[in-house]
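K.L.:
My structure is below; once you've seen it, I'll send some questions.
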Amino acid sequence: MPSSFDQRAGLVGSSGQVTLTVAAQDTAIAAGSGDIPVLATPRLVALMEAAACEALRGHLAPEQTSVGANITLDHLRPSLVGAVVTARAEIVKVDGDRVHFAVVADQPGPNGAVTIGTGTHLRVIVSREKFLQRAR
Amino acid sequence: MSQTVRAEMVASVHSIIAEVGDELEAGDTLVILESMKMEIPVIAEQPGTVAEIAVQQGDVVQEGDVIAILL
Chain R
34 MPSSFDQRAG
44 LVGSSGQVTL
54 TVAAQDTAIA
64 AGSGDIPVLA
74 TPRLVALMEA
84 AACEALRGHL
94 APEQTSVGAN
104 ITLDHLRPSL
114 VGAVVTARAE
124 IVKVDGDRVH
134 FAVVADQPGP
144 NGAVTIGTGT
154 HLRVIVSREK
164 FLQRAR
Chain H
-1 MSQTVRAEMV
9 ASVHSIIAEV
19 GDELEAGDTL
29 VILESMKMEI
39 PVIAEQPGTV
49 AEIAVQQGDV
59 VQEGDVIAIL
69 L
């Protein structure tokens, strides 16, 4: 197993991003989190988690993975079906197995990108096998 | 007496309504923030002249950040 500490020591500043074109299955209606056809807040949470996973890609040993432990999100602006939403996550602190992210999402607006959400996220690096054993 | 207007929540700056030098009455709108998926006007609580608008359209402000200063 690689020295995970050494790997993680240089993680601060690493970032990842994912883009989603909002479709019907991404709306509050589909998620059951509301009744209007705009990007669901839980879908935005998932997008930010995906961006954080991207930031960790290539930095973990094969037997390791990360699990979401905490997220705070201010969902500022609605996104209609068809909107292209990009979530970005940047590692701001590594505390042992805990990796802290700043997360932000934006979409194009008439005068450039507009922030639609901002928050923080915590992921914990775990052994995939041990984690599943403990969960059973 | 100066009046410092601060953000009451995390928000993005939707639009700037007032300009430096504008003389505002209490209740006049300075900027419009967008938070919780709603447009939220930020108003002058007392009459005054706009000395500074401390944000730009598209900025993300945190709770307590200065939005504007009126004299």
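Taken in sequence, the protein lines are chains R and H.
With this note's numbering, letter number 34 in the first sequence gets 67, and the count goes up by one each step, no holes.
With this note's numbering, letter number 63 in the second sequence gets 61, and the count goes up by one each step, no holes.
We treat Cβ as the ideally placed atom computed from N, Cα and C, and that holds for glycine.
Here the structure is a predicted model, which means the values were calculated and not measured.
Can you look up Asp128 of chain R in the DSSP assignment and give me helix, strand or coil?
P.N.:
Looking at Asp128 of chain R - three-state DSSP - the assignment turns out to be strand.
K.L.:
With a cut-off of 8 Å, does the C-beta of Gly67 of chain R fall near any C-beta of chain H?
P.N.:
no
K.L.:
Just how far apart, CA to CA, sit Ile67 of chain H and Ala16 of chain H?
P.N.:
11 Å
K.L.:
Going by DSSP, what residues sit across from Asp107 of chain R in a beta bridge?
P.N.:
In the DSSP assignment, the residues bridged to Asp107 of chain R are R:Thr151.
K.L.:
Just the chain R side, please: which residues come within less than 8 Å of Gln55 of chain H by C-beta, in chain order?
P.N.:
Residues of chain R whose Cβ lies closer than 8 Å to the Cβ of Gln55 of chain H are, in chain order, Asn144.
K.L.:
Are the segment 154 to 162 of chain R and the segment 3 to 14 of chain H in contact at 8 Å, needing three or more beta carbon pairs?
P.N.:
As far as the Cβ criterion goes, the segment 154 to 162 of chain R does not touch the segment 3 to 14 of chain H, which means the pair count is below three.
K.L.:
Terminal residues of the continuous alpha helix (DSSP H) containing Val78 of chain R?
P.N.:
74 to 89
K.L.:
On the CB-based measure, 16 or more other CB atoms within 10 Å of its CB, does Gly25 of chain H come out buried or exposed?
P.N.:
exposed
K.L.:
On the DSSP bridge assignment, give the partners of Ile69 of chain R in chain order.
P.N.:
Partner(s): none; Ile69 of chain R has no beta bridge.
K.L.:
If we count Cβ pairs, one from each stretch, closer than 8 Å, do we get three or more for the segment 52 to 60 of chain R versus the segment 123 to 137 of chain R?
P.N.:
no
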